[in-house]
Amino acid sequence: MPRPSTKEDLLKAAQENYTELMNFIDGMTEKELNTPFDFSGQPSKKEAHWSRDKNVRDVLIHLYEWHKLMMQFPKNNEKVTDSKKAISILPPDYSWKTYGAMNIMFWKNHQETSLDAAKEMFKKSHADVMKLIENYTNEELFKAKYFCWTGNSCLGSYFVSTTSSHYAWALKKLKAHRKNCGK
């Protein structure tokens, strides 16, 4: 599916990818759910997330935490009229060069969270993000620089990144894990 460029496409892609991800998780065997992720023998999987996430819970928590960032982003900037005063989607201590450390912080903060709790947190945050998308017009979402606080991008690209694209990333990781479990 091409990257969404309209509100309708965004809502559709986000919901379809969410449903596919949750159906995949619901269809995982006990072995797949309980076997720790191990991609260490696969040199092509060198990005940090391949070693960071150890199980399904970690993946869901990652998605949930990015939903929280997305929910806060417009709130933090609702009164901003000067791009120089824009507040990043990332927490103040992080930048696009250091967001990997932020992802590790999310991971560390949820090591006591159960898989069932992570599922519920993710379900709720997905619903919340979908409601937030509904609040915007197509122009507000996809016209570049409509909001000064989105920089050279559009608000919709942030939503795509934290929903449909992120869900596709998660599904790819879980499918790779399933393949490993089948060895």
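So the sequence shown is numbered by our numbering: it starts at 16 and just counts up by one.
Ideal Cβ positions, reconstructed from N, Cα and C, are used throughout, including at glycine.
Cβ-Cβ distance between residue i and residue j below 9 angstroms
i: Phe39; j: Leu186; result: yes
i: Lys188; j: His64; result: yes
i: Gly166; j: Ser20; result: no
i: Ser180; j: Arg67; result: no
i: Ile119; j: Lys22; result: no
i: Thr128; j: Arg72; result: yes
i: Asn32; j: Ala191; result: no
i: Asn70; j: Leu130; result: yes
i: Met145; j: Gln30; result: yes
Beta-carbon contacts of residue i that lie in its chain and below 8 angstroms, excluding the five residues immediately before and after
i: Pro106; result: Leu84 and Met117
i: Val74; result: Asp68, Ala185, Lys188 and Leu189
i: Phe121; result: Ile76, His77 and Glu80
Alpha carbon of residue i to alpha carbon of residue j, nearest angstrom
i: Val95; j: Trp164; result: 7 angstroms
i: Glu155; j: Phe137; result: 25 angstroms
i: Ser59; j: Thr34; result: 28 angstroms
i: Leu26; j: His77; result: 20 angstroms
i: Ser103; j: Met86; result: 12 angstroms
i: Ser140; j: Ser168; result: 23 angstroms
i: Asn124; j: Ser98; result: 32 angstroms
i: Phe54; j: Asn150; result: 40 angstroms
i: Lys194; j: Met43; result: 12 angstroms
i: Glu93; j: Ala142; result: 21 angstroms
i: Asp41; j: Lys61; result: 28 angstroms
i: Phe157; j: Gln126; result: 37 angstroms
i: Phe162; j: Phe88; result: 12 angstroms
i: Lys100; j: Tyr173; result: 19 angstroms
Contacting residues, own chain, Cβ-Cβ under 6 angstroms from residue i (five flanking each side not counted)
i: Tyr109; result: Met117
i: Ala133; result: Arg72, Leu75 and Ile76
i: Thr113; result: none
Exposed unless 16 or more other CB atoms sit within 10 angstroms - verdict on residue i
i: Ala159; result: exposed
i: Asn49; result: exposed
i: Thr177; result: buried
Own chain partners of residue i with C-beta closer than 7 angstroms, once the 5 adjacent residues on each side are dropped
i: Cys196; result: Lys46, Glu47 and Thr50
i: Val175; result: Arg18, Pro19 and Leu25
Residue-level contact to chain C via CB, residue i, 9 angstroms cutoff
i: Asn92; result: Among the chains of the structure shown, chain C does not appear; only one protein chain is present.
Next item on the list: Note down, one range per segment and in chain order, each alpha helix (DSSP H) of at least 4 residues found wholly within the segment 104-174.
Entry: 114-124, 130-149 and 153-157
Next item on the list: May I have a chain-ordered list of the alpha helix (DSSP H) segments no shorter than 4 residues that lie completely inside the segment 21-77?
Entry: 22-41, 45-49 and 63-67
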